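Asker:
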């Protein structure tokens, strides 16, 4: 029989898949002997069964009852008894952390009878009614589906009536009246009463948490964080402890190190006389955790000891929630903490230095996505005046956008292409869509561990929270700075998540310290922050270069791009696109070649292009001296080098309408465009087909390459050009072109008086090429997967058309976990890659194989290419450091990453 419930004493963190992250970590802390309120966990398996059938799985109710009885016996109290009732919390806890995205219900067991017993046992009537108020509010919104805004409005109305600034200034009588108001709201909105049965409260709360797995915000968060939809959530049921019993009680959130920078030291927020949800919601401003030492030295000392125990045990940054109940410290949660990219690199270096992890584990705990964020520009504030306001720097980075005050507006304006900054008094989980859409999040209240801060950090989103100087009026859609400046919705602001500053207008950007290091090998400034971060990044890249098997090349078409790629660590060029060399003023020469009505005229145009191409190739070969440079012969259809068809037709028609004779060149060009027009140019006369159909085109390009190689050899260089034939679908195509390449290179060698040889290979970008790779490998000395076109031709997509038309719908419906143009489609395109690698190497064991689509710089795709046995990846110059890092991470075995999802 399947078991659905486990006591905290029966589990551990190795059971995270079954007990969820929260439940398994509570069990682990219990195992370590830390002060954890007792409880039990209902498994993710139970949740999956419930979501599949719509009902409780058989036997679950009996198991819950048995574990509840054991909990009651240990406490010496029954759930909801009239005098001194046992009360419970019911919390979600999926395998991966989803902060605030699912449901929590506290104070289960309170009712009209037991509230008096709680008041007597605690000695505080106000505390008892405040706890009952919280239960009715949470249960009504979460379990019974009442709009949470109705409860908030009732609270606000009462505070205004009493002249109270917040709920702390309401007395027991006020709160008792509020409970009755809440119960009336529930009855009016649902047609049923708030349940007085503690057992019914518990049963319905558990099922509501299960159902919240499929809530809109939970699904959205999972898509954003790439968390599978089929995991389900566990439910932790735990004896309540109370931080709202007076000045000797409180709740807080702590990190073992700063999750924004990775620096060591006590870090977190504390709120006296409060429950945990008051801390994370941001509705009240917290005090720094260091203040706890003055308020309660014993609890502070105990907390520090527990934090050290957890960090050494988990060997990572830990995120901790705790409550102090009348001087007694209780640990309510721990998990591997979410962190910024800066903190991830700093922590990896620091923990390795401390001997807690190995250098390879340090490499596993950083990511290419994080490195890319560190390469983003930052604000140049040297010439700007004072900021509008300052808050807490919760998640670093620089963002500029129009201020908006509601999540829906952020989504709407961002969808229209506008960059926005979401401004709220405080955020709640329902703001998640707007937080995803916005460039940055700015809140007037809340600490560094508030909902806004934690979620923004996890997403790598710029965030400044707790900007108390601002008066945020979401109803009027504006905020007011302390100097009286009013910022209306739509006004552009700049948010600096690294310093906590908020500026009016768009502040100019400068390169980040990491980018300066990659460009010139210097930080550009001194100090622990910049220098320490750059050193951590340098160490991670060096370790990746040591362990990786994949080489990393760059896609570059100019000497300048080639030089930058080399500075970024590229070991060659995997794709040099020759068509980019035919633009600008040279386009006229291409037009002449296309319009030529005789071989001599075509030869003249090609001869004029040859020295220009030779000069381009020589510059790139010089920049990459000693490293391979893979040059792709002309790929796009020739009509792309001609003027727009419609514009030409209009010009000719306008001239004829005026009674004038159209310009002869316009008439010629229009005839050529009409002759070359294709309904689907992507599948038309392009790639190798051009070389077979247009006389002299391949010869001109190969001669330019050969002469550039000879020129570099005479200059004492070490040129390593490789010639790549695009869009081959049959081995005979490559055989014909290959013969011409070798013939032209032989002529160049004879003329130069020195051997000029270039390997000849092909791009695999058609399904047929992948499926006949064994035959093609007999003619090719290397393969390079053009995964952009291979994805288009495998899926039957025209990328330019489909991305705007229906990709967002496919992502929303789960057809794609991610765009197949961003991350390799392993099941389809990936399978073709695997076939081509296997068959190509079977025919030619020394076949060199790489990838030159932009997938070569995508972190997840790099791991796939490593596993597929490729020799190198190639990507744009700015993604080279990312690819280097991920190629190193892909080579690691059995190392623990900091999966803080």
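In my numbering, the protein residues as written are 841 to 1741. Think of the CB as a built atom: it goes at the ideal place given N, C-alpha and C, for glycine as much as any other residue. All values derive from a computational prediction rather than experimental measurement.
Just verifying my parser: in three-state terms, what is the DSSP assignment at residue 1360?
Answerer: Note: residue 1360 maps to helix in three-state DSSP.
Asker: Going by beta-carbon coordinates alone, are residue 1729 and residue 1208 separated by less than 9 Å?
Answerer: Yes, these two residues count as a Cβ contact at 9 Å.
Asker: At a cut-off of 8 Å, is residue 1226 close to the ligand MN when judged by its beta-carbon and the heavy atoms of the ligand?
Answerer: Absent from the structure shown: the ligand MN. Ligands present: none.
Asker: What does DSSP give as the partner residues of residue 792 in its beta bridges?
Answerer: Here the chain comprises residues numbered 841 to 1741, so residue 792 is not present and cannot be evaluated.
Asker: Indicate the three-state DSSP secondary structure (helix, strand or coil) for residue 1029 in the structure shown.
Answerer: Residue 1029: helix per DSSP, three-state reduction.
Asker: Which residue marks the beginning of the alpha helix (DSSP H) containing residue 1126, and which one marks its end?
Answerer: Residue 1126 -> no alpha helix (DSSP H), and no H or E assigned at all.
Asker: Quick check: the Cα distance between residue 1725 and residue 1391, rounded to an integer number of angstroms?
Answerer: Roughly 11 Å between the two C-alpha positions.
Asker: Under three-state DSSP, which class holds residue 1574?
Answerer: Of the three classes helix, strand and coil, the one that applies to residue 1574 here is helix, per DSSP.
Asker: Drop a sphere of 10 angstroms on the beta-carbon of residue 1619, count the other beta-carbons inside from all chains shown, and report buried for 16 or more, exposed for fewer.
Answerer: Under this definition residue 1619 is a buried residue.
Asker: Could you tell me if residue 1355 is buried or exposed, where buried requires 16 or more neighbouring beta carbons within 10 angstroms of its beta carbon?
Answerer: With 16 or more other Cβ atoms within 10 Å, it is buried.
Asker: CB residue 1335 to CB residue 1346, shorter than 9 Å?
Answerer: No; because the gap between Cβ atoms is not below 9 Å, this pair is not in contact.
Asker: With a 10 Å radius around its C-beta and 16 neighbouring C-beta atoms as the bar for buried, classify residue 1733 as buried or exposed.
Answerer: Answer is exposed; the Cβ neighbour count stays below 16.
Asker: In the stretch 1510-1575, which residue ranges form an unbroken beta strand (DSSP E) of at least 3 residues, counting only runs that do not cross its ends?
Answerer: For the stretch 1510-1575, whole beta strand (DSSP E) runs of length 3 or above, ordered along the chain, are 1560-1565.
Asker: Under 6 Å Cβ to Cβ from residue 1604, same chain only, skipping five residues before and after it: list those, please.
Answerer: Around residue 1604: 1610, 1623, 1625 and 1676.
Asker: Tell me whether residue 1141 sits in a helix, a strand or coil according to DSSP, three-state version.
Answerer: If DSSP states are grouped into helix, strand and coil, residue 1141 belongs with the helices.
Asker: Evaluate residue 1662 with the Cβ neighbour count: other Cβ atoms within 10 Å of its Cβ, from every protein chain shown; 16 or more gives buried, anything less gives exposed.
Answerer: Label assigned to residue 1662: exposed.
Asker: What does residue 1078 pair with, by DSSP beta-bridge criteria?
Answerer: Bridge partners of residue 1078: 879 and 929.
Asker: Taking DSSP as the reference, what is the three-state secondary structure of residue 1446?
Answerer: The answer is helix: DSSP assigns residue 1446 an H, G or I state.
Asker: Can you look up residue 1408 in the DSSP assignment and give me helix, strand or coil?
Answerer: Of the three classes helix, strand and coil, the one that applies to residue 1408 here is coil, per DSSP.
Asker: Please work out which residues of its chain come closer than 6 Å, Cβ to Cβ, to residue 841, disregarding the five sequence neighbours upstream and downstream, and give them in chain order.
Answerer: So no residue of the chain qualifies.
Asker: State the DSSP-derived secondary structure class of residue 1351, mapped to helix, strand or coil.
Answerer: If DSSP states are grouped into helix, strand and coil, residue 1351 belongs with coil.
Asker: Give the DSSP-derived three-state secondary structure of residue 1148 in the structure shown.
Answerer: Helix, per DSSP.
Asker: In angstroms, rounded to a whole number, what distance separates the CA positions of residue 1245 and residue 1284?
Answerer: Looking at the two C-alpha atoms, the distance is approximately 12 Å.
Asker: Expressed to the nearest angstrom, what Euclidean distance is found between the alpha-carbon atoms of residue 1590 and residue 1566?
Answerer: Whole-angstrom Cα-Cα distance: 27 Å.
Asker: Could you pull out every unbroken beta strand (DSSP E) segment of at least 3 residues lying fully inside the stretch 1456-1482, listed in chain order?
Answerer: Complete beta strand (DSSP E) runs here, min 3: 1468-1472.
Asker: Whole angstroms is fine: what's the gap from residue 843's alpha carbon to residue 929's?
Answerer: Going by the C-alpha atoms only, they are around 22 Å apart.
Asker: Going by the DSSP bridge assignment, what does residue 1303 pair with across the sheet?
Answerer: Answer by DSSP bridge pairing, in chain order: 1235 and 1281.
Asker: Please report the straight-line C-alpha distance between residue 1366 and residue 1100, rounded to a whole angstrom.
Answerer: Annotation note: pLDDT 40 at residue 1366 (below 50); position unreliable, no value reported.
Asker: Do you know whose CA, among 1192, 1111 and 1131, lies nearest residue 1162's CA?
Answerer: The residue with the shortest Cα to Cα distance from residue 1162 is 1111.
Asker: Looking at the structure shown, is residue 1178 part of a helix, part of a strand, or coil, going by DSSP?
Answerer: Looking at residue 1178 - three-state DSSP - the assignment turns out to be coil, as it is neither helix nor strand.
Asker: Is it the case that the Cβ atoms of residue 1098 and residue 1105 are separated by a distance below 9 Å?
Answerer: The answer is yes: Cβ separation under 9 Å.
Asker: Whole angstroms are fine: how far does the CA of residue 1635 sit from the CA of residue 1363?
Answerer: Any reading at residue 1363 needs caution, since the residue's pLDDT is 48, under 50, leaving its predicted position unreliable; the model's value is listed next. So the two alpha carbons sit approximately 45 Å from each other.
Asker: Tell me, to the nearest whole angstrom, how far the beta carbon of residue 881 is from that of residue 1074; I am working on the premise that it is less than 8 Å.
Answerer: With 8 Å as the limit, residue 881 and residue 1074 qualify as a contact, their Cβ atoms being about 5 Å apart.
Asker: Return the chain-ordered list of same chain residues with a C-beta closer than 6 Å to the C-beta of residue 1259, the five sequence neighbours on each side being excluded.
Answerer: Correct list, in chain order: 1241 and 1279.
Asker: Using beta carbons (cut-off 9 Å, strictly below), is residue 942 in contact with chain C?
Answerer: In the structure shown, chain C cannot be found, because there is only a single protein chain.
Asker: Under 8 Å by Cβ, that's how I've got residue 1311 and residue 1320 pegged, so tell me the actual separation to the nearest angstrom.
Answerer: Rounded, the Cβ-Cβ distance is 4 Å, consistent with contact.
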